[in-house]
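Notes for the one structure printed next.
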């Protein structure tokens with residue numbers, strides 16, 4: 001039912017845990033539907049190839065209550081997001097995550113949607129907090 | 001690594017005696033309907049098997065109708081009864097919310113086709129159906145009541161004899177009033193190894209079983225059809241199975257089913273101690289192997305209760321000795337199953353049929369189990385072949401798996 005890649009990420013999840021004082025947190029899912037996922041990001045600045053300053057994901061961690069697909073999708077999402085600029089990471093798509101896992105069974109596709117939403121929410125949380133700071 | 005199989009409610013390991021018997025049947029290749037020697041030899045063997053099986057149920061030879069399995073037997077019982085009552089204005093069927101999908105989806109299908117009105121009885125929080133709730137649901141146009149014997153997910157044992165009694169009494173009144181007679185069907189697929197299937201005691205008209213749930217082969221089951229029942233065949237063709245089910249008989253399967261039942265009967269006969277539990281709605285057939293299974297279930301329960309935030313789903317008193325349904329808070333069922341599989345231990349969530357869908361079990365939901373518990377439900381199902389060492393191994397590895405998954409969860413139990 002699951003690809004070896006999914007089983008591998010479920011068995012040995014990458015970047016599992018919390019980030020204390022995270023710059024952004026994405027909380028998605030709920031207990032009623034059975035999957036709950038928290039994605040934590042730490043943001044830093046660097047200079048891109050064109051010499052412009054950009055913000056990127058310096059560290060990312062997740063915690064997930066859910067099935068193998070939900071855990072594997074969370075793990076894969078952190079792997080794909082780590083080191084990417086915020087703009088790139090924000091564009092991570094459910095299909096991209098699904099492809100990277102070697103495709104989830106159709107009834108588990110929603111797990112990749114959940115983790116794609118998780119990273120977006122974490123980045124939005126960071127942007128909102130930054131906005132609040134500049135507003136103050 | 002020695003693999004441990006604790007998914008016996010899904011299917012059981014075939015008994016070697018059953019395999020040996022089936023090989024014999026394959027050598028009797030004649031068609032039992034043929035007049036020549038080859039046919040008659042097969043016909044005689046078929047009769048012997050049917051005779052023995054009728055003895056097992058305490059019924060007559062002509063009341064055993066072989067089918068391809070439990071699902072077909074359930075379909076024949078429900079569709080066949082409804083069709084036989086089609087002259088009635090909007091026939092009404094009563095079943096429960098906790099049936100196997102072979103019953104539930106069949107009733108829903110007939111309802112969708114506009115052929116019946118249906119009532120689905122809700123169980124109490126222990127997963128038990130009350131006989132009174134069946135009585136209250138009976139209407140003038142009720143033609144069929146279908147209630148399972150042993151629930152495949154929780155092991156809860158339903159009060160079949162009491163319901164049978166209520167329906168029998170209701171029928172006496174109904175005949176006087178010129179109302180249709182109610183047929184009573186039970187899906188007893190999870191019962192034969194453990195509970196008395198004396199059909200006269202249970203007061204059922206129709207009863208389904210399947211061989212592969214009792215160490216027999218797949219592809220064979222039967223429907224007990226009480227003489228005089230109004231039932232239309234659903235597979236038409238030849239006159240096999242007393243006109244209730246066409247098709248050349250699956251002699252090897254029938255031999256396998258018969259041999260599997262014979263193993264049970266012999267084990268009871270050879271037991272140091274064997275008797276039927278004297279509880280009206282709990283006809284447990286005590287034998288050495290049943291005692292063994294019951295003891296292992298007790299051991300498993302005490303092992304599991306050492307883990308915090310655990311609950312047992314289903315009745316403790318009226319429960320199959322072979323099935324235990326447990327929920328772990330803050331750990332997801334499929335994740336637990338896969339982790340146990342990595343350790344060589346096979347279990348399932350609610351049922352094999354629901355393990356590929358996302359919805360929590362319809363049985364647990366009907367019992368009012370909250371999602372935070374039902375998503376973490378695991379069914380352990382034992383058999384006479386399960387050993388104490390296997391239960392020890394399970395109790396040894398499970399706490400670590402649950403704690404690993406809980407560490408991965410973003411929630412704390414008190415936040416759920």
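Chains as they are written, first to last, in our numbering: chain A, 1 to 136; chain B, 1 to 416.
Don't be surprised by glycine CBs; every beta carbon is placed ideally from N, CA and C.
Everything numeric in this text was worked out from a predicted model, so none of it was measured.
Straight-line CA distance for residue 11(A) to residue 151(B)?
33 Å
For a test of the three-state rule: what should DSSP assign to residue 352(B), helix, strand or coil?
The predicted position of residue 352(B) is uncertain, since its pLDDT is 49 and thus under 50; a value taken from the coordinates is nonetheless stated next. DSSP places residue 352(B) in coil when its eight states are reduced to three.
Inspect the beta-carbon positions of residue 334(B) and residue 67(A) and report whether they are closer than 8 Å.
yes
Where residue 95(A) falls, given that 16 or more other Cβ within 10 Å makes a residue buried
exposed
Looking only at its chain, what residues have a beta carbon closer than 7 Å to the beta carbon of residue 235(B), apart from the 5 residues adjacent to it on each side?
245, 246 and 247
Runs of beta strand (DSSP E) wholly within the region 3-71 of chain A (minimum 3 residues, chain order):
24-30, 35-47 and 53-65
Name the chain B residues whose beta carbon is nearer than 7 Å to that of residue 32(A)?
371
Whole alpha helix (DSSP H) elements within the region 256-280 of chain B, 4-residue minimum
none
When the Cα atoms are used, what is the spatial distance from residue 53(A) to residue 392(B)?
59 Å
Give the residues of chain B in contact with residue 44(A), contact being defined as C-beta atoms less than 7 Å apart.
Under the 7 Å cutoff, chain B gives no residues; its nearest Cβ is about 24 Å from residue 44(A).
Using 8 Å as the threshold, is the C-beta distance between residue 318(B) and residue 128(B) below it?
yes
Going along chain B in order, which residues have a C-beta closer than 8 Å to the C-beta of residue 106(A)?
Within chain B, no residue comes near residue 106(A); the closest Cβ sits about 10 Å away, beyond 8 Å.
Under the criterion of a Cβ to heavy atom distance below 7 Å, does residue 87(A) qualify as lining the ligand FAD?
The ligand FAD is not part of this structure, which contains no ligands at all.
What are the residues that DSSP puts in a beta bridge with residue 7(B)?
Beta-bridge analysis with DSSP links residue 7(B) to 381(B).
The beta strand (DSSP E) spanning residue 189(B) covers which residue range?
Careful: residue 189(B) lies outside any beta strand (DSSP E) and carries neither H nor E.
Could you say if the region 37-56 of chain A and the region 112-127 of chain A meet the contact criterion of at least three C-beta pairs nearer than 8 Å?
yes
To which residues of the same chain is residue 430(B) closer than 8 Å at the C-beta, ignoring the five residues directly before and after it?
One cannot answer for residue 430(B) here, as it falls past the ends of chain B, which runs 1 to 416.
Enumerated in chain order, which unbroken segments of the alpha helix (DSSP H) with a length of 4 residues or greater are wholly contained in the region 153-177 of chain B?
160-176
In terms of alpha-carbon separation, which member of 132(A), 130(A) and 110(A) lies closest to residue 74(A)?
110(A)
In chain A, what lies closer than 9 Å to residue 75(B) by C-beta?
Residues of chain A passing the Cβ test: none, with the nearest at roughly 25 Å.
Mapping the DSSP letters down to three states, classify residue 120(B) as helix, strand or coil.
It is a strand residue.
Limits of the beta strand (DSSP E) - the one that residue 325(B) falls within:
323-328
One or two residues paired with residue 312(B) in a DSSP bridge
326(B)
Does the beta-carbon distance from residue 103(B) to residue 320(B) come in below 8 Å?
no
On the DSSP letters alone, give me the boundaries of the beta strand (DSSP E) that residue 318(B) sits inside.
That residue, residue 318(B), is in no beta strand (DSSP E); it is neither H nor E in DSSP.
Please go through the region 33-74 of chain B and give each complete alpha helix (DSSP H) segment of 4 or more residues, from N-terminal end onward.
37-57
Let me confirm a value: residue 116(A) is counted as buried when at least 16 other C-beta atoms fall within 10 Å, else exposed. Which label applies?
Around the beta carbon of residue 116(A), a 10 Å sphere encloses 16 or more other beta carbons of the protein chains shown; the residue is thus reported as buried.
For residue 5(B), collect the residues of the same chain with a Cβ closer than 6 Å to its Cβ; drop the 5 residues on either side in sequence, then sort them by chain order.
The residues are 346.
Span of the beta strand (DSSP E) around residue 92(B)
92-96
What separation, rounded to the nearest whole angstrom, lies between the Cα atoms of residue 395(B) and residue 21(B)?
37 Å
From this set, 378(B), 137(B), 303(B) and 292(B), which residue's C-alpha is nearest residue 387(B)'s C-alpha?
292(B)
In chain order, what residues of the same chain have a beta carbon less than 6 Å from the beta carbon of residue 27(A), not counting five sequence neighbours either side?
38
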